[in-house]
Amino acid sequence: MFLKWTRQAEPEQAKQGHVETAVVDPAEAERIKDLEAKVAAMNRSQAVIEFNLDGTVLQANENFLSVLGYTAEEVAGRHHRMFVNRDYAMSDDYRNFWDRLNRGEFVAEKFSRIAKSGKNVWIQASYNPMIDANGKVYKFVKFATDITAAEEERARNEQDREELAARQDEVVKALGNGLRQLTEGKLTFRINEHFPQEYEQLRSDFNVAMGKLQDALKGISINANAVRSGAAELAGGSDDLSRRTEQQAASLEETAAALNEITTTVTRTAEGSKQASATVSTARSEAEHSGEIVRQAVTAMQQIETSSRKVSQIISVIDEIAFQTNLLALNAGVEAARAGDAGRGFAVVASEVRALAQRSAEAAKEIKGLISTSSHQVETGAKLVSETGDALNRIVLRVNEISDLVRHIATGAEEQATSLSEINKAIAQMDEGTQQNAAMVEESTAAVHALATEADTMASLMANFDIGERDTLRRDLERAAPHAFRNAPNVAPGRAAASRPHPRAARSTVKPAVSARKVVNGADDGWTEF
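Just so you know, we're using the UniProt record's numbering here: the sequence shown kicks off at 1 and counts up by one.
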């Protein structure tokens, strides 16, 4: 079965009476019927309007007319520009829009149109060129959806966002200005202009934060100046302590050297005392031996004196014998004279015996004189030897006393040497400790100067901030650290560090000390230098 399909010609063709008639296949007819149903559905749900190639309106459905407020008669044959504002209708964009459609391009966008009442209407629309069997465009159909409510809502939201952005911009500008003042160190700055209600808390928080930061930096500034002053005082005291410690270390080192020399001398004295004690002991032994010899000499002299007395007795006997012999010789001579010639020879003998007796008597007299002299001399010698023995005994006693004294001296010298050796060790340990203390003091001094430098740096950094009235800050500083403004030296840290003597340099300027000495002056109150 076939249906007859009649197609109404276009207006120009209709004027000429052209009507196309064709036989349509039922399936094709069904498809066409489906398409017509879909078009009808679109006409019910969307605004539809058709245009000629020149942009004049062919027809519009009720949805379109309702949206823009026109009737079909008011729009039929009118150009599309009636729905747009004058400026856009005269623009190149508008001409290009129709040129694209005439080239067969479809345009689908969001458009702003002017209703009959002058109200701005927003539509989401597509302009679709209709192409015939020959591939030529013969009209345009627009399908549109009214999105005015959504667009107005979007516009309201956009306006709200713009207003919010404007308010935020004011807030950001004010906060930016505050932060710029903060970067310049002006902590006295406050935001006085009120923010919108929803941002007023932010302004309050910013001002409170600036106030707290100002108070904190005031406290930091006060503490920094107090630290600076304290560091300056510590630096001065540390410099003085370092100088005194180095002087004491140098003096102690010299004392150790002098004490070492004394220890050496005392040790040598102890050795000498030992030798002297040994020598005195030897002298005592020799003196005792000499006393024994003297005692033996006294005994020998006494024996010689006894022998001399015995010899003197013998000589007396000989002298008596000579005397008796002389008497006998004299008697013999008398008797010989009486005898005459017979006794002459006997007389000669008697004369010789007499002469011999006389010589014996003389010799005995001389021997007796010599023995007497010898006895006297032996007696004197014995007395002198006895006195020498007594003297030697006294010498032995004195030598014993000297030996005891020398032994005590040697023992004391040894004890002194031992004590001095221990003292020397203690002084050496003290010297080592003093050297370590000097090094620690030097490190502490360097740390204190570093602290002073850091305090100066902090003060310099704090000077970059405007934290209020300087006089008020000065009063706060004086209340917080009154000593900082009484005793703080106006000396640059670098200069204070440069004025410190180097430990070895300070030591090299001290002259060697031979004996201990105590130095007290105005600069060294309470310090003892050795």
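Backbone N, C-alpha and C define an ideal beta-carbon position, used for all residues, glycine too.
Quick caveat, the model's predicted, so the values are computed rather than measured.
Where does residue i land, buried or exposed, given buried means 16+ other C-beta within 10 angstroms?
{"i": "residue 63", "result": "buried"}
{"i": "residue 505", "result": "Here the model assigns residue 505 a pLDDT of 44, short of 50, so the residue's position is not dependable, and the following value carries that caveat. Exposed is the call here."}
{"i": "residue 443", "result": "exposed"}
{"i": "residue 354", "result": "buried"}
{"i": "residue 551", "result": "Missing from the structure shown is residue 551; the chain here goes from 1 to 530 and no further."}
{"i": "residue 131", "result": "exposed"}
{"i": "residue 275", "result": "exposed"}
{"i": "residue 239", "result": "buried"}
{"i": "residue 33", "result": "exposed"}
{"i": "residue 348", "result": "exposed"}
{"i": "residue 296", "result": "exposed"}
{"i": "residue 493", "result": "In this prediction, residue 493 has a pLDDT of 43, which is less than 50 and means its spatial position is unreliable; what the coordinates show is noted afterwards. Counting Cβ neighbours within 10 Å, residue 493 comes out buried, since at least 16 surround it."}
{"i": "residue 1", "result": "Since pLDDT at residue 1 reaches only 36, below the 50 mark, its modelled position is unreliable, and the value read off the structure follows with that caveat. Residue 1 comes out exposed."}
{"i": "residue 448", "result": "buried"}
{"i": "residue 106", "result": "exposed"}
{"i": "residue 133", "result": "exposed"}
Give me the residue from the options with the minimum Cα distance to residue i.
{"i": "residue 193", "options": "212, 454, 172, 310", "result": "172"}
{"i": "residue 303", "options": "370, 459, 382", "result": "382"}
{"i": "residue 462", "options": "155, 182, 416", "result": "182"}
{"i": "residue 190", "options": "198, 179, 199", "result": "179"}
{"i": "residue 322", "options": "341, 378, 149, 365", "result": "365"}
{"i": "residue 205", "options": "285, 356, 175, 264", "result": "175"}
{"i": "residue 75", "options": "56, 90, 87", "result": "56"}
{"i": "residue 377", "options": "418, 306, 25, 38", "result": "306"}
{"i": "residue 464", "options": "168, 125, 66, 188", "result": "188"}
{"i": "residue 255", "options": "333, 325, 420, 58", "result": "420"}
{"i": "residue 394", "options": "350, 287, 58, 448", "result": "287"}
{"i": "residue 88", "options": "417, 329, 114", "result": "114"}
{"i": "residue 432", "options": "253, 350, 330, 375", "result": "253"}
{"i": "residue 332", "options": "340, 346, 341", "result": "346"}
{"i": "residue 140", "options": "299, 99, 324", "result": "99"}
{"i": "residue 299", "options": "336, 134, 384", "result": "384"}
{"i": "residue 410", "options": "138, 266, 121, 466", "result": "266"}
{"i": "residue 317", "options": "367, 105, 351", "result": "367"}
{"i": "residue 119", "options": "184, 149, 97", "result": "149"}
Straight-line CA distance for residue i to residue j?
{"i": "residue 343", "j": "residue 319", "result": "28 Å"}
{"i": "residue 460", "j": "residue 228", "result": "11 Å"}
{"i": "residue 195", "j": "residue 212", "result": "21 Å"}
{"i": "residue 146", "j": "residue 170", "result": "37 Å"}
{"i": "residue 161", "j": "residue 221", "result": "45 Å"}
{"i": "residue 70", "j": "residue 129", "result": "24 Å"}
{"i": "residue 423", "j": "residue 405", "result": "26 Å"}
{"i": "residue 136", "j": "residue 94", "result": "22 Å"}
{"i": "residue 208", "j": "residue 123", "result": "52 Å"}
{"i": "residue 186", "j": "residue 454", "result": "23 Å"}
{"i": "residue 84", "j": "residue 197", "result": "41 Å"}
{"i": "residue 158", "j": "residue 90", "result": "28 Å"}
{"i": "residue 102", "j": "residue 155", "result": "33 Å"}
{"i": "residue 501", "j": "residue 247", "result": "Legend: pLDDT at residue 501 = 46, less than 50; position of this residue unreliable, value from coordinates given subsequently. One C-alpha to the other measures close to 10 Å."}
{"i": "residue 527", "j": "residue 415", "result": "With a pLDDT of 45 at residue 527, under the threshold of 50, the predicted position of this residue should be treated as unreliable, and no value is reported."}
{"i": "residue 53", "j": "residue 68", "result": "22 Å"}
{"i": "residue 413", "j": "residue 291", "result": "32 Å"}
{"i": "residue 109", "j": "residue 203", "result": "45 Å"}
{"i": "residue 361", "j": "residue 391", "result": "43 Å"}
{"i": "residue 452", "j": "residue 244", "result": "21 Å"}
{"i": "residue 163", "j": "residue 199", "result": "14 Å"}
{"i": "residue 241", "j": "residue 223", "result": "25 Å"}
{"i": "residue 215", "j": "residue 236", "result": "31 Å"}
{"i": "residue 379", "j": "residue 388", "result": "14 Å"}
{"i": "residue 41", "j": "residue 152", "result": "27 Å"}
{"i": "residue 334", "j": "residue 358", "result": "17 Å"}
{"i": "residue 116", "j": "residue 177", "result": "50 Å"}
{"i": "residue 533", "j": "residue 325", "result": "This structure leaves residue 533 out entirely; the chain is present only between 1 and 530."}
{"i": "residue 73", "j": "residue 59", "result": "9 Å"}
{"i": "residue 308", "j": "residue 375", "result": "6 Å"}
{"i": "residue 230", "j": "residue 201", "result": "42 Å"}
{"i": "residue 165", "j": "residue 65", "result": "39 Å"}
If you measure from the beta carbon of residue i to each beta carbon in chain D, is any gap under 8 Å?
{"i": "residue 236", "result": "Given the protein chain composition of this structure (a single chain), no chain D is represented."}
Tell me the start and end of each unbroken alpha helix (DSSP H) in the region 284-316 that is at least 4 residues and wholly inside, in chain order.
none
Three-pair Cβ contact test at 8 Å for the region 354-372 versus the region 309-326:
Below 8 Å, enough C-beta pairs join the region 354-372 and the region 309-326 to call them touching: three or more.
State whether the region 134-148 contacts the region 30-48, with contact taken as three or more CB pairs (one from each stretch) at a distance under 8 Å.
yes
Answer yes if the region 429-446 comes into contact with the region 264-279, meaning at least three C-beta pairs across the two stretches below 8 Å, and no otherwise.
no
With a cut-off of 8 Å, do at least 3 Cβ pairs link the region 72-90 to the region 28-41?
At 8 Å Cβ cutoff, the stretches do not touch.
Three Cβ pairs or more, each shorter than 8 Å: is that satisfied between the region 389-404 and the region 279-296?
The region 389-404 is in contact with the region 279-296.
Runs of 3 residues minimum, wholly inside the region 113-163: which ones carry the beta strand (DSSP E) assignment?
120-131, 137-146
So does the region 240-260 actually touch the region 425-440, counting three or more Cβ pairs closer than 8 Å?
yes
Is the number of C-beta pairs between the region 253-269 and the region 416-433 that are closer than 8 Å three or more?
yes
Counting only runs that start and end within the region 42-94, where is the alpha helix (DSSP H) found for 4 or more residues in a row?
62-68, 72-75, 86-89
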